Amino acid sequence: MPQHHRRFRAAVLTVATGLTLAGLSVGGTGASAAPSAGGEPVSTPVPISTPDGVVSAYLLNAKHANPGQTRLLERAVTRAGGVVVQTWPQIGVVVAHSDKAAFRADVTAYAGNALESVGATRTVPVTEGTPAGVQAPWGPGRGQVRKAQSSPQRDDTENTVTAADPRETEQWDMQVIKADQAHAITDGSRDVVVGVLDSGIDPDHPDLVANIDVADSVNCSNAGRPDTSPTGWYPTTSDHGTHVAGTIGAARNGVGIVGVAPNVRMASVKVVNDDGFIYPEYAVCGFVWAGMHGMDVTNNSYYVDPFEFYCEDQPDQYAAKEAVRRAVAWSTDQGVVHAAAAGNSGHDLADKSSFLDEGSPDDGTPVTRTLNSGCQDIPTELPGVVTVSASHRDDVLSYFSNRGLGVIDVAAPGRRILSTIVAGNGYGLKSGTSMASPHVAGVLALMKSAHPDLTPAQMVAKLRADADDHPCTVQETPPAGVDLGAPCVGTDADNSYYGEGMVDALDAVR
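See the structure below:
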């Protein structure tokens, strides 16, 4: 089975190695980044090379999100020798490609006061487009894994292809969050749609097929441009999205398992390319698409590549972060509430000075980076997003889970979670904050079903208030050689491990 990298929150403590861009010169930096916060030292610079003759991807943010300024950016892109790939006038964002080394500097000059920021979105050339007829690991597929490295994992993944028999009794996680009790009140409404921003959903899994919202499904991994082809949203090289979807909404149909919200619909919003990367323009497309199509909830079990943390004092990273932030904020204004995995690095997200980022950029040559408080894991640390840590079956924090007082909103089960997989239309166990976040997305879907008039802000407030207080306990004993991580701080009502507590599905629907 394919391995899942740390950007998929199902992986644990991945070390990324591999592709380099040796000998390439550094391109222009475009508009200025925000200064480091509070007079802190700047984060470690990571210049992104954009040499002549190599196609690079960029995000441009207009100073004001309106069609007029967006058109000015489009014209500036063309004058600077680039190609407009996608425009999102709702948020004043343009996706562009160019093979000009000076593109950032030139587009900044041509755009003038219309441009707020511009940045390259990856450290490797654009590789969209895949040879036809390549086989995915579990059978016929549309993609090719082109990653040039092998990343060692501690990804507790156990796939078991089984006969179609009920396995709800094995779902300890549903009992912990009281989903089984909530189902006595509601299984969720067919009017509620959850956008699964991930690697695609198995289109014919017997536990998922009845709940897939085909009409609203899309593939955003084609350069950040919505691909509405009939099979574009299918999984190719990863079953991560299929596992996530099962936790959210596996149907109550006498087959296999039951999801947190087994009667809601799920749209497959594919933001992961066949190499396993979620670049900023893919995430922007996914969030805007969710808002445009009136979705109620999104689940985000990933971090945006190629940086585990986007630092506002680095021009390229700032521009990418700003574009994703705008997309999240706009979709929230349209009524979408977002749940996201806290991450699997065992870091204290409330204190960025307490650790080094050693795996970014993960699509090229990683640099050991010093961070500051202006560096954030996106989308999970963006305003309004519910940040979810992962608990162990033994009622302690999973050793790999990120934590942070004032950062974590709620906790949910994330260790050895049974859910749907692609292979054999079967079921498997996976661990990670990837597995915790969909529990919360499912609870939010149940909440929206029971209380359809709640706004996203009201839903987040209710989710936090409903959560069961959890004491600051010790975390799971980590494997040999793995640091234990920051100790729990705070009160039973709000602490660095569990935030406001364990998510509660029963209270969400009452």
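Heads up: the sequence shown runs through residues -33 to -1, 1 to 477, numbered per mature numbering (1 follows the signal peptide of the UniProt record, and there is no 0). For glycine and all other residues, C-beta sits at the position ideal for the given N, C-alpha and C. All figures in this text were calculated on a predicted structure; none of them were measured in a lab.
- Close CB contacts of residue 70 within its chain, under the 6 Å cut and outside five residues either way in sequence, are with 47 and 49 (chain order).
- Note that the region 164 to 171 touches the region 203 to 217; at least 3 beta-carbon pairs, one per stretch, sit closer than 8 Å.
- Under the DSSP assignment, residue 320 falls outside any beta strand (DSSP E); it carries neither an H nor an E label.
- Beta-bridge partners of residue 192 (DSSP): 189.
- A distance of 7 Å or more separates the beta carbons of residue 435 and residue 409.
- In the assembly as shown, residue 137 is an exposed residue. Its beta-carbon has fewer than 16 other beta-carbons within 10 Å.
- The DSSP-derived three-state label of residue 421 is coil.
- Taking a 10 Å sphere around the C-beta of residue 231, we find 16 or more other C-beta atoms and assign the residue as buried.
- DSSP places residue 172 outside both helix and strand once states are collapsed to three, so it counts as coil.
- In the three-state scheme derived from DSSP, where H, G and I count as helix and E and B as strand, residue 262 is classed as coil.
- Residue state for residue 145 is assigned as coil, using DSSP reduced to three classes.
- Apart from sequence neighbours up to five positions away, the residues of its chain that approach residue 298 with a beta-carbon distance below 7 Å are 254, 255, 257 and 258, ordered along the chain.
- Non-local C-beta neighbours of residue 321 in its own chain, meaning closer than 8 Å and more than five positions away in sequence, comprise 314, 315 and 453, ordered along the chain.
- Counted as a single uninterrupted DSSP element, the alpha helix (DSSP H) harbouring residue 37 occupies residues 34 to 46.
- In terms of Cβ geometry, residue 405 and residue 266 form a close pair [threshold 7 Å].
- In chain order, 365, 382 and 443 place their CB closer than 7 Å to the CB of residue 359, counting only its own chain and leaving out the 5 sequence neighbours on each side.
- Each of 283, 432 and 473 was checked against the Cα of residue 461, and the nearest Cα belongs to 432.
- For the pair residue 189 and residue 93, the Cα-to-Cα distance works out to about 10 Å.
- Counting the other CB atoms within 10 Å of its CB gives residue 139 a total below 16, which places it among the exposed residues.
- Taken through DSSP and simplified to helix, strand or coil, residue 247 comes out as helix.
- The alpha carbon of residue 423 has as its nearest neighbour, out of 362, 392 and 300, the alpha carbon of 300.
- For residue 27, the number of other beta carbons within 10 angstroms of its own is at least 16, and it is reported as buried.
- Listed in chain order, the beta strand (DSSP E) elements of length 3 or more contained wholly in the region 326 to 394 are 334 to 337, 353 to 358, 377 to 380 and 384 to 387.
- Only residues of its own chain outside the window of five on either side were considered, and among them 168, 169, 209, 212, 213, 216, 217, 218, 233 and 387 have a CB closer than 8 Å to the CB of residue 175, listed in chain order.
- Rounded to the nearest whole angstrom, the CA to CA distance from residue 25 to residue 241 is 20 Å.
- Ranked by how close their Cα comes to the Cα of residue 394, the residues 30, 180, 11 and 226 have 226 in first place.
- A straight line joining the alpha-carbon of residue 237 with that of residue 201 spans about 8 Å.
- Taking the Cα of residue 9 as reference, the smallest distance to any Cα among 338, 456, 459 and 446 is reached at 338.
- Shown here for residue 319: same chain residues with a beta carbon closer than 8 Å to its own, the five before and five after excluded, namely 276, 338, 339, 340 and 342 in chain order.
- Within the same chain, Cβ atoms closer than 7 Å to the Cβ of residue 457 are found at 372, 439 and 463, the five residues on either side in sequence being excluded.
- Beta bridge pairing from DSSP links residue 278 with 342.
- Counting only the Cα atoms, residue 317 lies some 32 Å from residue 55.
- Looking only at -26, 30 and 88, the smallest Cα-Cα distance to residue 282 is reached by 88.
- Distance from the Cα of residue 180 is smallest, within the candidate group 429, 330 and 159, for 159.
- For residue 306, the uninterrupted beta strand (DSSP E) run begins and ends at 304 to 308, by DSSP.
- Residue 201 sits in coil when the DSSP states are folded into three classes, being neither helix nor strand.
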